[in-house]
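Asker: Submitted below is the structure of interest, expressed as structure tokens.
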Amino acid sequence: MQKAPETTKDVIRTTTPQAIQIAKGLMRTARFAALACISATTQRPNASRVALATDNDGTPLILVSALAPHTASLIAHPYCSLLAGEPGKGDAMAHARITLHCTARQITREHEAYQRLRIRYLSHNPKGALYVDLGDFSFFRLEVDGASLNGGFGKAFNLTTADLICDSKFSEAIATYEAETLAALNAAYKDHIRKLATQVTKNEAPSSPWIISAIDPDGFNLRSNESVERVWFENNAADGLSAKTQIISTLQAL
Numbered sequence: 001m002q003k004a005p006e007t008t009k010d011v012i013r014t015t016t017p018q019a020i021q022i023a024k025g026l027m028r029t030a031r032f033a034a035l036a037c038i039s040a041t042t043q044r045p046n047a048s049r050v051a052l053a054t055d056n057d058g059t060p061l062i063l064v065s066a067l068a069p070h071t072a073s074l075i076a077h078p079y080c081s082l083l084a085g086e087p088g089k090g091d092a093m094a095h096a097r098i099t100l101h102c103t104a105r106q107i108t109r110e111h112e113a114y115q116r117l118r119i120r121y122l123s124h125n126p127k128g129a130l131y132v133d134l135g136d137f138s139f140f141r142l143e144v145d146g147a148s149l150n151g152g153f154g155k156a157f158n159l160t161t162a163d164l165i166c167d168s169k170f171s172e173a174i175a176t177y178e179a180e181t182l183a184a185l186n187a188a189y190k191d192h193i194r195k196l197a198t199q200v201t202k203n204e205a206p207s208s209p210w211i212i213s214a215i216d217p218d219g220f221n222l223r224s225n226e227s228v229e230r231v232w233f234e235n236n237a238a239d240g241l242s243a244k245t246q247i248i249s250t251l252q253a254l
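Using full-length UniProt numbering, the first residue of the sequence shown is number 1, and each one after it goes up by one.
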């Protein structure tokens, strides 16, 4: 008698708020990622490392040169993917990483959002100032169509756009005053920001100065040179005032 085939065990877990926060944290704090696309010349898969930031809503943002092969590839074949997540000590496969399935949209200097994206990108990747204004560079928003999160062994999740990308009306309201808010907070709360960084990193914060480098509806980033840390809001912010109020409350509570 023929043995019945074994039922394949579903390894994908039900999405939880914790899984979504892990995924968003990987996206918001990553400073680089592996970009995979289809080569415009060979039609074969091609992978490259790119510096990474996010727009206020969480959409990945990259700055690329027209001289780079992947730029022509993204224009010819907009479907692409990103792999983000840095391994820590021990087995690299035990650490969280996320694969984002995206559609690339080029943002040239003539685009109305270009200057805002430029400011936000450089706040996360300040060394990009060396080449951002060279004539062959432009931004791409990698609009998220879905994602696969691997939070470590036995922790696999399939995530949707809605899981990862913030409501546009909230992110746009925060984006309008983000640069002004960052300048004010960083000038007024230097010592508090340093204390918060020390707390978030469990006393392992680099000794170099820390700043608040980005704000979005879910929370804000702290940055010191190459180090980026994430702080979450207790309640999602619907506008710039709500975000600023929550940040000040967090800082003054230290």
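Beta carbons are placed, not taken as given, at the ideal position from N, Cα and C, and that holds for glycine. Everything numeric in this text was worked out from a predicted model, so none of it was measured.
Would DSSP call Q43 helix, strand or coil?
Answerer: Your numbering for residue 43 matches position 43 in the sequence shown. In the structure shown, Q43 sits in coil (DSSP, three-state: anything other than H, G, I, E or B).
Asker: State yes or no: is the C-beta of T59 within less than 8 Å of the C-beta of S81?
Answerer: One-based indexing of the sequence shown puts residue 59 at position 59. One-based indexing of the sequence shown puts residue 81 at position 81. Not a contact, by the Cβ cut-off of 8 Å.
Asker: Taking its Cβ as the centre, do 16 or more other Cβ atoms sit within 10 Å of L67, making it buried, or is it exposed?
Answerer: One-based indexing of the sequence shown puts residue 67 at position 67. Label assigned to L67: exposed.
Asker: Please give me, in chain order, every unbroken run of the beta strand (DSSP E) with length at least 3 that falls completely inside the region 93–178.
Answerer: Complete beta strand (DSSP E) runs here, min 3: 97–107, 137–150 and 156–159.
Asker: Beta-carbon within less than 7 Å of T160's beta-carbon, same chain only, minus the 5 sequence neighbours each way: which residues are those?
Answerer: In the sequence shown, the residue the question calls residue 160 occupies position 160. Cβ within range, chain order: G146.
Asker: Consult DSSP for D218 and reduce its assignment to one of helix, strand or coil.
Answerer: Taking the sequence shown and counting its residues from 1, the one referred to as residue 218 is at position 218. It is coil, neither helix nor strand.
Asker: Evaluate contact between the region 123–135 and the region 37–50, counting only Cβ atoms and requiring at least three cross-stretch pairs below 8 Å.
Answerer: These segments do not touch.
Asker: Suppose the cutoff is 7 Å on Cβ atoms and the five residues either side in sequence are ignored; what does the same chain contact list for A53 look like?
Answerer: What you label residue 53 is simply residue 53 of the sequence shown in a count that begins at 1. Counting only Cβ-Cβ distances below 7 Å, and skipping sequence neighbours, we find L61, R120, Y121, H124 and N125.
Asker: Checking 8 Å against the spacing of the C-beta atoms, do F233 and Q252 come in under that value?
Answerer: For the purposes of this step, residue 233 is taken as the residue at position 233 of the sequence shown. For the purposes of this step, residue 252 is taken as the residue at position 252 of the sequence shown. No, these two residues do not count as a Cβ contact at 8 Å.
Asker: Under the DSSP definition of a beta bridge, which residues are partnered with E229?
Answerer: As a working note, residue 229 is residue 229 in the sequence shown. DSSP, once it has assigned bridges, lists L222 as partnering E229.
Asker: What are the start and end residues of the alpha helix (DSSP H) that includes V200?
Answerer: As a first step, residue 200 must be located in the sequence shown, where it is residue number 200. Unbroken alpha helix (DSSP H) run through V200: K190 to V200.
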